[in-house]
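In our numbering, the protein residues as written are 1 to 268.
All C-beta atoms, glycine included, are put in the ideal place defined by N, C-alpha and C.
Step one of this worksheet: look at the structure below.
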Ligand code: BTN
């Protein structure tokens, strides 16, 4: 059975006047919601503008990976952010987004939703969502598009076999179908709250909540793939700009702002 579509008119009413989701651009099928949102960003659309699609034909993940976006199963959404923050703090907006989305999902799912640096959402070791930030940090007015891909009503067979041990959806975790229309406004509300806290001087609070949700407890041995180079060390939390702090053998802390982190497997 084909899952039901979202009702954009209902969503527009639910989101009207809120901080995130007004205006709302809705598409049945699109290349990438991030691409569309980047166009709208350049055209001057305000913070909170949302692009939502039922299906993406060229959904993008971090590090030039594809993001699987089958029709009506997930939430594929991109938000324009023009944070009242210095350009150097732009990296924090995705961390705040991850905290907000995790908080909204945890409330609904009744299970811990962890954040794997920088912003993968993990439940029981399986990835259920990711965030992709793109935009411009230069100039006096930083602006970004942050895209959210959330696996909602996917079943295992909707994913390629090689991902089966690493990914899940809300449906696979809970054994029931989810109403994306109810979920989306809740996610946007929690996300907007974290974003507002960031903008009103609450960076340390947001970072603390991020740390509390961290998939790796501080002190975990990790390996970081920097793209072409890997580094091993001890995870020491995140720094003031959201960068990963890696303690290397020498005791020196390296700040990593781009890469992929995994638990270091003990050799026997
Ligand atoms: C990742 O974990 O690699 C990030 C995935 C981000 C996917 C979302 S889906 C909506 C938006 N549009 C895109 O093309 N990508 C993001």
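Cβ of residue 58 within 9 Å of Cβ of residue 32?
In the chain shown, the residue the question calls residue 58 occupies position 58. In the chain shown, the residue the question calls residue 32 occupies position 32. Yes; because the gap between Cβ atoms is below 9 Å, this pair is in contact.
Per DSSP, which one or two residues make a beta bridge with residue 150?
In the chain shown, counting from the first residue as 1, residue 150 sits at position 150. DSSP output for residue 150 lists 75, 129 as bridge partner(s).
Straight-line CA distance for residue 7 to residue 181?
The residue labelled residue 7 in the question sits at position 7 within the chain shown. The residue labelled residue 181 in the question sits at position 181 within the chain shown. Going by the C-alpha atoms only, they are around 8 Å apart.
Distance, Cα to Cα, residue 127 vs residue 16?
Translated into the one-based positions of the chain shown, residue 127 becomes position 127. Translated into the one-based positions of the chain shown, residue 16 becomes position 16. If you take the alpha carbons of residue 127 and residue 16, they lie about 31 Å apart.
With a 10 Å radius around its C-beta and 16 neighbouring C-beta atoms as the bar for buried, classify residue 169 as buried or exposed.
Start at 1 with the first residue of the chain shown, and residue 169 comes out as number 169. Residue 169 is buried by the Cβ-count criterion.
Is the stretch 41-48 touching the stretch 206-223 in the sense that three or more CB pairs, one from each, lie closer than 8 Å?
Cβ pair count under 8 Å is below three, so no.
According to the Cβ coordinates, are residue 36 and residue 22 closer than 9 Å?
Start at 1 with the first residue of the chain shown, and residue 36 comes out as number 36. Start at 1 with the first residue of the chain shown, and residue 22 comes out as number 22. Cβ distance not < 9 Å, so residue 36 and residue 22 don't count as in contact.
I'd like to confirm something about residue 77: is its beta-carbon nearer than 8 Å to some heavy atom of ligand 1, or not?
Reading the chain shown from its first residue, position 77 is the one you call residue 77. True, at least one ligand heavy atom lies under 8 Å from that Cβ.
Which residue or residues does DSSP assign as beta-bridge partners of residue 122?
Start at 1 with the first residue of the chain shown, and residue 122 comes out as number 122. DSSP lists 114, 127 as partners of residue 122.
Kindly indicate which residue of 66, 243, 227 has the alpha-carbon position closest to the one of residue 89.
Taking the first residue of the chain shown as position 1, residue 89 is located at position 89. Comparing Cα-Cα distances from residue 89 to each of 66, 243, 227, the minimum goes to 243.
Looking at residue 113 and residue 105, is the spacing between their C-beta atoms short of 9 Å?
For the purposes of this step, residue 105 is identified with residue 105 of the chain shown, where counting begins at 1. For the purposes of this step, residue 113 is identified with residue 113 of the chain shown, where counting begins at 1. Contact flag set, yes.
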